[in-house]
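Asks: The structure that follows is given in the form of structure tokens.
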């Protein structure tokens with residue numbers, strides 16, 4: 010045996026008895042096992058999204074940056090466009106072995122939302138991610154399946170199905186053809202006139218100050234203002250206060266962005282538990298939304314009571 014081999018053997022035997030080497034080896038082994046089990050996962054059949062990728066967090070850091078800059082949807086859309094156009098589906102890799110599939114194929118979208126809608130349930134995970142904004146109404150309730158070979162004995166599941174039917178029935182009455190021709194159409198016309206008037210005012214102001222008009226912001230305000238007036242019978246003046254910020258409008262937009270980011274972040278519950286800034290802001294926005302809606306509901310209740318008393 011050569012001197013080099015003898016030296017190496019001696020060094021290895023001594024290193025094997027060193028606690029620091031044992032601890033480092035154990036840490037490396039555990040880290041490798043955890044990474045294999047919970048690291049970002051690539052889909053075996055669907056190619057990854059053409060976006061910045063980390064071997065530790067996958068696309069998560071890239072998505073988080075987009076959420077912080079309030080351009081998450083735009084960032085994802087640009088990445089989809091930049092990816093190979095012939096791919097019908099793309100995968101986003103996330104920690105904890107998560108895969109999120111994106112598709113822009115019209116046939117797949119039609120199959121999910123129309124052809125076999127009952128089979129694609131939102132599930133408890135999505136409901137929990139969006140509970141602060143959408144609650145447990147029709148947007149987050151799952152429709153009943155068409156076929157049951159055996160009676161459903163799951164009370165929790167049955168309650169959700171009945172809840173979907175209840176909200177579906179209420180929404181169908183609110184957005185009926187009769188209301189569409191009368192109340193909804195009148196609200197849309199009134200909001201449109203207010204929006205056009207506001208654009209004229211902003212155009213005169215911006216022309217003098219050599220600035221632009223954020224048409225996306227104005228149209229977003231118009232949509233929200235119209236929907237609130239249709240649902241609650243009262244305009245809250247979101248368009249009228251432009252370009253100044255509206256508390257409810259900002260809270261709603263920020264909450265939607267945060268809920269969207271939750272969909273891609275498997276660690277969002279831990280962030281909520283430890284009080285991360287984004288989740289703390291979510292609690293503040295939830296209070297603003299609830300207070301705003303409760304005031305409108307209280308006003309609507311008072312008006313209805315007055316009407317019934319007169320009758």
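In this note's numbering, the protein residues as written are 10 to 320.
Even for Gly, the Cβ is constructed at its ideal location relative to N, Cα and C.
#1: Looking at the strands, I want to know which residues DSSP matches up with residue 107.
#2: When burial is assigned at 16 or more other CB atoms within 10 Å of the CB, is residue 312 buried or exposed?
#3: Between the stretch 82-93 and the stretch 124-133, do at least 3 Cβ pairs fall closer than 8 Å?
#4: Based on the DSSP output, what are the partners of residue 98 in its beta bridges?
#5: Here's a check: name, in chain order, each residue in its chain whose Cβ is nearer than 6 Å to the Cβ of residue 211, leaving out the five neighbours to either side.
#6: Any idea what DSSP makes of residue 146, helix, strand or coil?
#7: Look at the alpha carbon of residue 292 and the alpha carbon of residue 229, and state the distance between them as a whole number of angstroms.
#8: Which two residues bound the contiguous alpha helix (DSSP H) that contains residue 240?
#9: Within the same chain, show all residues whose beta-carbon is closer than 6 Å to that of residue 84, passing over the 5 residues directly before and after it, in chain order.
#10: Who are the Cβ neighbours of residue 107 in its own chain at under 6 Å, not counting the five residues just before and after it?
#11: Which one of 270, 303, 310, 279 has the shortest CA to CA distance from residue 73?
#12: Cα-Cα, which of 63, 97, 61, 56 is closest to residue 115?
#13: Quick check: the Cα distance between residue 198 and residue 282, rounded to an integer number of angstroms?
#14: Note down the Cα distance separating residue 265 from residue 142, rounded to an integer number of angstroms.
#15: Could you pull the start and end residues of the alpha helix (DSSP H) that residue 81 belongs to?
#16: Taking the straight line between their C-alpha atoms, what separation do you get for residue 160 and residue 100?
#17: Could you tell me which residues DSSP puts in a beta bridge with residue 67?
Replies: For this structure:
#1: Its beta-bridge partners are 103.
#2: Counting of Cβ neighbours within 10 angstroms places residue 312 among the exposed residues, the total staying below 16.
#3: Result no; under three Cβ-Cβ pairs closer than 8 Å.
#4: Residue 98 pairs with 112.
#5: 222
#6: coil
#7: The straight-line gap from Cα to Cα measures roughly 23 Å.
#8: 224-241 is the extent of the alpha helix (DSSP H) around residue 240.
#9: 75
#10: 275
#11: 270
#12: 97
#13: 45 Å
#14: 7 Å
#15: 81-91
#16: Interpretation of residue 160 is limited by its pLDDT of 46, a score under 50 that renders its predicted location unreliable; no figure is taken from the coordinates.
#17: 63
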